[in-house]
Each structure stands twice: as structure tokens, then as C-alpha cells.
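These notes concern the structure reproduced below.
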Amino acid sequence: MVAFEALARELEAHPQNVQGWERAICITSGVAMVGTGLRHGGLLGTVRAALGSVVLLRGLTGRCPAKRVIAERQGELLAVKAKLEAAAEQLAALHAAGTKKSK
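Using the numbering used here, the first residue of the sequence shown is number 7, and each one after it goes up by one.
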């Protein structure tokens, strides 16, 4: 029961961020990579099958930690950009007011 509660908390904390065609492509390509990796065999086949299983898991669960981190950082960057634009507007206003006084 404790394991299921931990999983439920994890799923609530990180909602699905892979949907639609992206999810379908992940499932399809993951299955293909696992299949070709197992058929090929050897070290390269094992690596291909392992990568395919990661892509397949991404498609089946609809969650991608890398995509979540990128989205979080993008939000932070947009907030910094908005602050910089506001500061630039204030600086331009101060500059304009300063040039009017000096004339």
C-alpha cells in the first residue's frame, strides 16, 4: 500500500506532458527500437533495445522528466525576460525625462 501511495503522489506532482501525436510516435518508435535491438543482438542491439524501452515508457506513461525540466526553465526565463523589458522601459523613461530637463 505504501508503494501505491508514493506512486500516486508522484503522478499528482508531475502530470502528463506528452500527448497526442508525440505520444503515439514515442510508442511506435519505442516498439520498433526494442524489436530491432533484440533482433540485432550484441552490444549495439542491447543499447538500441534499452533506448527503445525508455522511449516506449515515455509514450506509455505520457510523462517525460526532461521535457518537464525544460518547460520549468522556460517559464523562469520568460519571467526574467519580462523583468528585463520592464526595467528597459523604466530606463528609457528616465533617460527621456533627463534629456528634457537638460534642454
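Don't be surprised by glycine CBs; every beta carbon is placed ideally from N, CA and C.
Beta carbon of residue 55 nearer than 7 Å to that of residue 47: One-based indexing of the sequence shown puts residue 55 at position 49. One-based indexing of the sequence shown puts residue 47 at position 41. Taking C-beta atoms as the reference points, residue 55 and residue 47 fail to come closer than 7 Å.
Exposure label - residue 62; buried when at least 16 CB within 10 Å: The residue labelled residue 62 in the question sits at position 56 within the sequence shown. Counting every other CB atom within 10 Å of its CB across the protein chains shown gives residue 62 a total of 16 or more, marking it as buried.
Three-state secondary structure assigned by DSSP to residue 71: As a working note, residue 71 is residue 65 in the sequence shown. Three-state result, residue 71: helix.
Simplified DSSP assignment, three categories, for residue 60: As a working mapping, residue 60 is identified with position 54 in the sequence shown. In the displayed model, residue 60 falls within a helix according to three-state DSSP.
Contact between the stretch 63-74 and the stretch 94-101 (3+ Cβ pairs under 8 Å): Cβ pair count under 8 Å is below three, so no.
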